Structures are given as structure tokens and as C-alpha cells.
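Only one structure is covered here, and it is reproduced in the block below.
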Amino acid sequence: MKKSLLIAFAFISFAVSAQEKIKDKVVEVSCGECQFHMKGKGCNMAIRMDKKTYFVDGDKLDKHGDAHAEDGMCNAVREAKVSGEIVGDRFKATSITLLPAKKKK
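Read in order, the letters of the sequence shown are residues -18 to -1, 1 to 87 in mature numbering (1 follows the signal peptide of the UniProt record, and there is no 0).
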């Protein structure tokens, strides 16, 4: 019985730690394959936060303009304010707001 409780507690602790909630954090956002060199099929939105990259669920590249335009996410890394949670190796977005692009000097 004690072993069962210990195993259950360890499993619950692991499951809770695998989900990190994010609220209004500024991160880098772009195409995971084109800019962050992640393995995937086609062009998909990804964020980079704390030197780690995550594919995004709940938002799409083309929602934020033409991904393949000169300033699109397949050709540029942008900053965005995001909310959601990290579940495993994916970011489950509840909101992604692109910040104004930095002007080139």
C-alpha cells in the first residue's frame, strides 16, 4: 500500500511539473522549421523561450500575415507577448500578440 501511494505521488508530481503556465511573457516567435531549425513537416509556428523552442498549438503563422512575405515569420523572427502553457514539448497558446517589428537601422 505504501509503495502504491509513493508511486502515485511521484507520478502526480511529474505530471504537474510537466505543465508550466505562462502569462503575458515576451518571447521570440517565428516559423519553427525555417528560422528555429526544428524538425517538422511544412511551416509551423513556434516560440523560443529561455533558449528552448516549442511548436505552438492554438495559433497559426498565416493568422499574423503572409508567412512567406519579406517580413513574414518564415523570413524573420519576431517578438510576441504570449499566454498559455507548456505541455511536454509543445506550447498550448491561449493568446499570442505580435509586438511591433523593430526597425532596421
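Glycine included, C-beta positions come from ideal geometry on N, C-alpha and C.
Just so we're clear, the structure is a prediction, and the values are computed from it rather than from any experiment.
Distance from the CA of T76 to the CA of M20, rounded to the nearest whole angstrom, comes to 22 Å. Between C25 and A49, the C-beta gap is smaller than 7 Å, which places the two residues in contact. Within 10 angstroms of the beta-carbon of Q1 lie fewer than 16 other beta-carbons, which makes it exposed.
Each residue's CA atom was taken as its position, placing K42 and A58 some 15 Å apart. Contact between M31 and V38 does not hold, since the beta-carbon distance rounds to 11 Å and is not under 8 Å.
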